[in-house]
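Notes for the one structure printed next.
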Amino acid sequence: MDFRDSPEEAAFRSRLRAWLAENNPGLPVSSTDDEYWARQAEWHTALYDAGFFGLSWPSRFGGHDRPSVFDVILDEELAAAGAPPRPSLGYLVQGITTHGSEAVQERFLPGLISGRERWCQGFSEPDAGSDLASLRTTARRDGDEYVIDGYKIWTSYSDVADWCFLLARTDPDVPKHKGLSAFAVPMHQPGIQQRSLRMINGITKEFGQVTFDGARVPAENRIGEPGEGWRIAMTIVSHEREPGEVGYVARYAKTVKDLEATVRADPGAFRSDQREAVAWAHVQAEMLRLHVRRRLSERMERVDHGPGGSIDKLLMTWVEQTVGAAALSVAGPRALLDGDDVALKIYLYSRAQSVMGGTSQIQKNIVATRILGLPTG
Ligand SMILES: Cc1cc2nc3c(=O)[nH]c(=O)nc-3n(C[C@H](O)[C@H](O)[C@H](O)COP(=O)(O)OP(=O)(O)OC[C@H]3O[C@@H](n4cnc5c(N)ncnc54)[C@H](O)[C@@H]3O)c2cc1C
5 MDFRDSPEEA AFRSRLRAWL AENNPGLPVS STDDEYWARQ AEWHTALYDA
55 GFFGLSWPSR FGGHDRPSVF DVILDEELAA AGAPPRPSLG YLVQGITTHG
105 SEAVQERFLP GLISGRERWC QGFSEPDAGS DLASLRTTAR RDGDEYVIDG
155 YKIWTSYSDV ADWCFLLART DPDVPKHKGL SAFAVPMHQP GIQQRSLRMI
205 NGITKEFGQV TFDGARVPAE NRIGEPGEGW RIAMTIVSHE REPGEVGYVA
255 RYAKTVKDLE ATVRADPGAF RSDQREAVAW AHVQAEMLRL HVRRRLSERM
305 ERVDHGPGGS IDKLLMTWVE QTVGAAALSV AGPRALLDGD DVALKIYLYS
355 RAQSVMGGTS QIQKNIVATR ILGLPTG
């Protein structure tokens, strides 16, 4: 594998670097502040309008038809500039591209990719997280529409979403995995109520709970066939578990860069274990960056990783929690002071990484049964 830029990649990198020098919005770290989430849409459309978002997605939907190594370059340059990571919605694009009809793709992909239409993902329910197939939200056919009743929780970006990628039960009389369907549900309607949830680190704009009470969705907004919901959900979560898809490499690298700058500014002020924590975080973040490069190169060769996405998710979690622990170590007791608690917020958010997109225990179950072939039960 040759990691050097081709002439085309080098030209793209320098154009991007010049743009970032002028257009870095200087937002807070993604996991620590409501301001970051509030200005996500603005950052998304700025990146898109400048030609730096949706790089590997089809041009007919607003992408650029480039090889996915351009996403790696984007992540690297965002991290180097200390800019926010790219918006993380590749898994929804993959879900719609893989399962949606031509009409669904044409209707929804351009707005999703350009950021002009905001989306959330309505899968989890109070008793259906790891056991997603047990979900109870129903979609009942009524003429040319479906009527939705139920309750979703931990729905990221529900406060700003125009559309919900909803998983609901359309057939209660078949085995639970077979009775699910997926929909693009318009969020702005009387049958839907959204309430924000406050995270332990104080963020109120990351996710919410959504109630559907007789909400309506046109049947033409169904994504895939009736009963295809489980397969669609698996496509989405497998991509949600890939760091290359969600762009988190840049998020970790930004924090590591900040920690290094703090320690370098006054090395004598830090104990050896604190300096070591930063060095280890650097090694981990770099390992993930190279792993993502390898994964994306393999993708260009059409290698299907299947359950390998669970290994990626475990790696990503490991890296985020190492970076979070390093941030806390460097901050020391200051982390507990109001107004100086960024490191604590980074650390607390890193704990969520082993839950979101499927818990670490579930990833280990998948690795055990589907990769190692160990017996179940
Ligand atoms: C920051 C964040 C953002 C999120 N965003 C979204 C979103 O946008 N949309 C959405 O739909 N959901 C979202 N989620 C929800 C997430 O997908 C669920 O929290 C996750 O799937 C776990 O489900 P649960 O919380 O119901 O925990 P549970 O499934 O109740 O699990 C509780 C504990 O039991 C363990 N456990 C459960 N089953 C097994 C098993 N078979 N073997 C071993 N251990 C097991 C789990 O690992 C966990 O430790 C988000 C979560 C977080 C933290």
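If you read the sequence shown in the working numbering, its first letter stands for residue 5, the second for the next number, and so on.
We treat Cβ as the ideally placed atom computed from N, Cα and C, and that holds for glycine.
What you are looking at is a predicted structure, and each value in this text was computed from that prediction instead of being measured.
**OP:** Determine the direct distance from the alpha carbon of residue 317 to that of residue 364, and round the result to whole angstroms.
**Re:** For residue 364 and residue 317, the gap between their C-alpha atoms comes out near 8 Å.
**OP:** Would you check if the stretch 292-309 and the stretch 225-233 touch, i.e. whether three or more CB-CB distances between them fall below 8 Å?
**Re:** The stretch 225-233 vs the stretch 292-309: no contact.
Original post:
Within the present structure, is the beta-carbon of residue 359 separated from the nearest heavy atom of ligand 1 by less than 7 Å?
Top reply: At least one heavy atom of ligand 1 is found less than 7 Å from the C-beta of residue 359.
Subject >> Burial state of residue 163, where buried means 16 or more other Cβ atoms lie within 10 Å >> reply: It is buried - the Cβ of residue 163 has at least 16 other Cβ atoms within 10 Å.
**OP:** Kindly indicate which residue of 326, 34, 69, 303 has the alpha-carbon position closest to the one of residue 289.
**Re:** Ranked by Cα distance from residue 289, the first of 326, 34, 69, 303 is 326.
Original post:
So does residue 211 have its beta carbon nearer than 7 Å to some heavy atom of ligand 1?
Top reply: Yes - ligand 1 has a heavy atom lying nearer than 7 Å to the Cβ of residue 211.
Original post:
For residue 135, is the beta carbon positioned less than 7 Å from some heavy atom of ligand 1?
Top reply: Annotation for residue 135 indicates a beta carbon within 7 Å of some heavy atom of ligand 1.
Subject >> Distance between residue 75 and residue 262 (C-alpha atoms, nearest Å) >> reply: About 22 Å.
Subject >> Selected residue, minimal CA-CA separation from residue 221, among 200, 187, 244 >> reply: Nearest C-alpha to residue 221: 187.
Original post:
Quick one, which of 143, 255, 375, 31 has its alpha-carbon nearest residue 310's?
Top reply: Closest option to residue 310, judged by alpha-carbon separation, among 143, 255, 375, 31: 375.
Original post:
In terms of residue numbering, what span does the alpha helix (DSSP H) encompassing residue 222 cover?
Top reply: Not the alpha helix (DSSP H): residue 222 falls in the beta strand (DSSP E), residues 211-222.
**OP:** Return yes when at least one heavy atom of ligand 1 lies under 7 Å from the C-beta of residue 27, else no.
**Re:** Outside the cutoff, so no.
Subject >> DSSP-derived helix/strand/coil call for residue 98 >> reply: Shown here, residue 98 sits in a helix according to DSSP, grouped into three states.
Original post:
Where do the N-terminal and C-terminal ends of the beta strand (DSSP E) with residue 282 fall, by residue?
Top reply: That residue, residue 282, is in no beta strand (DSSP E); its alpha helix (DSSP H) goes 276-304.
**OP:** Kindly indicate which residue of 343, 95, 329, 26 has the alpha-carbon position closest to the one of residue 277.
**Re:** For residue 277, the nearest C-alpha among the options comes from 329.
Subject >> Same chain, Cβ closer than 8 Å to residue 334, neighbours up to 5 away in sequence not counted >> reply: If we look at residue 334 and ignore the five residues flanking it on each side, its Cβ neighbours are 263, 266, 267, 274, 278, 281, 282, 347.
**OP:** Throw me the rounded Cβ distance for the residue 68 and residue 58 pair, which I believe falls under 8 Å.
**Re:** In this structure, residue 68 and residue 58 form a Cβ contact; the two beta carbons are roughly 6 Å apart against a cut-off of 8 Å.
**OP:** Reducing DSSP to helix, strand and coil, say where residue 87 ends up.
**Re:** Of the three classes helix, strand and coil, the one that applies to residue 87 here is coil, per DSSP.
**OP:** Kindly indicate which three-state DSSP category residue 201 falls into: helix, strand or coil?
**Re:** It is coil, neither helix nor strand.
Original post:
Are the beta-carbon atoms of residue 29 and residue 8 separated by less than 8 Å?
Top reply: Taking 8 Å as the cut-off, the Cβ atoms of residue 29 and residue 8 do not count as close.
Original post:
Taking three-plus beta-carbon pairs below 8 Å as touching, is the stretch 74-88 in contact with the stretch 128-137?
Top reply: The stretch 74-88 and the stretch 128-137 do not touch, with fewer than 3 CB-CB distances between them shorter than 8 Å.
Original post:
residue 1 bridges to which residues according to DSSP?
Top reply: This structure does not reach residue 1, given that the chain is present from 5 up to 381, and the question cannot be answered.
**OP:** Compare the beta carbon distance of residue 209 and residue 41 with 8 Å and say whether it is the shorter of the two.
**Re:** For residue 209 and residue 41, yes; Cβs fall inside 8 Å.
Subject >> Distance between residue 115 and residue 170 (C-alpha atoms, nearest Å) >> reply: The alpha-carbon separation between residue 170 and residue 115 amounts to approximately 17 Å.
Original post:
By Cβ distance below 7 Å, which residues in the same chain neighbour residue 345 in space, the five residues on each side in sequence not counted?
Top reply: 339.
**OP:** Using the Cα positions of residue 81 and residue 343, report the straight-line distance between them to the nearest angstrom.
**Re:** So the two alpha carbons sit approximately 29 Å from each other.
Original post:
Closer than 7 Å: is that where the CB of residue 382 sits relative to any heavy atom of ligand 1?
Top reply: Past the edges of the chain, shown from 5 to 381, lies residue 382, and the structure says nothing about it.
Original post:
Mind checking whether the beta-carbon of residue 127 lies closer than 7 Å to any heavy atom of ligand 1?
Top reply: Flag set: Cβ of residue 127 near ligand 1.
**OP:** Could you tell me the boundaries of the beta strand (DSSP E) in which residue 160 lies?
**Re:** First-last of the beta strand (DSSP E) with residue 160: 149-160.
Subject >> Three-way DSSP call (helix, strand, coil) for residue 136 in this model >> reply: Three-state DSSP puts residue 136 in a helix.
Original post:
Is the beta carbon of residue 193 within less than 7 Å of some heavy atom of ligand 1?
Top reply: For ligand 1, not one heavy atom lies less than 7 Å from the Cβ of residue 193.
Original post:
Sorry if obvious, but does the Cβ on residue 356 come closer than 7 Å to a heavy atom of ligand 1?
Top reply: Yes, the beta carbon of residue 356 sits closer than 7 Å to at least one heavy atom of ligand 1.
Original post:
Can you check whether the CB of residue 143 is closer than 8 Å to the CB of residue 152?
Top reply: At a Cβ-Cβ threshold of 8 Å, residue 152 and residue 143 count as neighbours.
**OP:** Pick helix, strand or coil for residue 325, following the three-state DSSP scheme.
**Re:** The DSSP-derived three-state label of residue 325 is helix.
Original post:
In the DSSP assignment, what residue or residues form a beta bridge with residue 226?
Top reply: Answer by DSSP bridge pairing, in chain order: 187.
Subject >> For residue 118 and residue 66, believed in contact at Cβ under 8 Å, the rounded distance >> reply: Indeed they touch by this definition, with Cβ atoms about 5 Å apart.
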